[in-house]
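Have a look at the structure below before the remarks.
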Amino acid sequence: MAVRITICKKTYQRYVQKDGPPVERFLMFIENSGHKFEDLLVAVLSILEFFDLDVADCRSQSYDNANNVSGIYSGLQARIHEINDLAEHAPCAVHSMNLVGVHAVECASEAASIFNTVQTLYILFTASTYRWEVLQSHTGKRITLQSLSATRFSARCEAVHVLNKHFDEIIETLIIIEEDFEENAITRQEAKVFVILSEYSIGFESKAEPGSKSRQESESRVVPESKSSAGSKPESSEGPESESSAVLRLES
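So the number in the working numbering is just where the residue sits in the sequence shown, counting from 1, plus 591.
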């Protein structure tokens, strides 16, 4: 879990350079003592105190969409807002975008079927060391099938990309499994079904991946620069002497 807060204090943890790119200084990793908002609140306040940062100077908060941090009544953001009503909360744009992709897929039966095939294929190979070895022998140990992610939509794109890249080798492996009578009947039948479904399912590549990943880059902008303004001079922004912020992440 990543926790980000903005502290208005001239300690130069975060500032924006004159040419636009933000500079953000990472403070530290801390051990997660629990997932309840009370545990997270204690952790955040103790670390702020350790770095001599006053929560009263906090001007913004940004977390993922988990209820323990973003909950409107009892989440971490709500508790910090009770202490300082100037600490406004803004959900993490990357997490929100990924959730939009995940839920959009659930509304399209064809897309849901594709991803279900990808995940089931991953389980078929990873559930057996023998089937995994057969797959590697046909791909020259160049392939690592990936599981789908419930929250990171770009991981789904990566999983499909692997299947697209090694399509022929995977089909050949499935045919070998289908014809291998040492495998049980259910496994052989699943392999056969995959060979048939792959003709319709594989070949899907999401256009959401570039946008999702670009928002995680260090120099990403809130509003992407348009081609018409690419050559224009950026608006002036204050440097390290301006108000800065502290960044804190809780990893779990």
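For every residue, glycine included, the Cβ atom is placed at its ideal position computed from N, Cα and C.
Under the three-state reduction of DSSP output, His-729 falls in the helix class. The straight-line gap separating the alpha-carbon atoms of Ala-741 and Val-693 is approximately 7 Å. Between Leu-754 and Val-786, the beta carbon gap of about 13 Å keeps them out of contact (Cβ cut-off 8 Å). Counting every other CB atom within 10 Å of its CB across the protein chains shown gives Cys-698 a total below 16, marking it as exposed. Within a 10 Å sphere around the beta-carbon of His-686 sit 16 or more other beta-carbons, which makes this residue buried.
Taking a cut-off of 8 Å on C-beta distances, the stretch 724–734 touches the stretch 750–765, as three or more cross pairs fall below it. Pairing Ile-621 with Leu-639, the inter-Cα distance amounts to about 12 Å.
With at least 16 other beta carbons inside 10 angstroms of its own, Phe-706 counts as buried.
Close CB contacts of Arg-743 within its chain, under the 7 Å cut and outside five residues either way in sequence, are with Asn-689 (chain order). Counting the other Cβ atoms within 10 Å of the Cβ of Glu-781 gives 16 or more, which makes it buried. Secondary structure of Thr-735 (DSSP, three-state): coil. The shortest CA-to-CA distance from Leu-677 to any of Gly-625, Ala-647 and Asp-655 is the one to Ala-647. Around Ala-669, the same chain offers Gly-662 and Ile-663 as residues with beta carbons nearer than 7 Å, after the five sequence neighbours per side are excluded. When only Cα atoms are considered, Thr-778 and Glu-701 end up about 24 Å apart. Your pair Leu-667 and Tyr-654 checks out as a contact, with CB atoms roughly 7 Å apart and the cut at 8 Å. Exclusion of the five residues before and after Asp-771 leaves Arg-779 as the residues of its chain whose Cβ lies within less than 8 Å of its Cβ.
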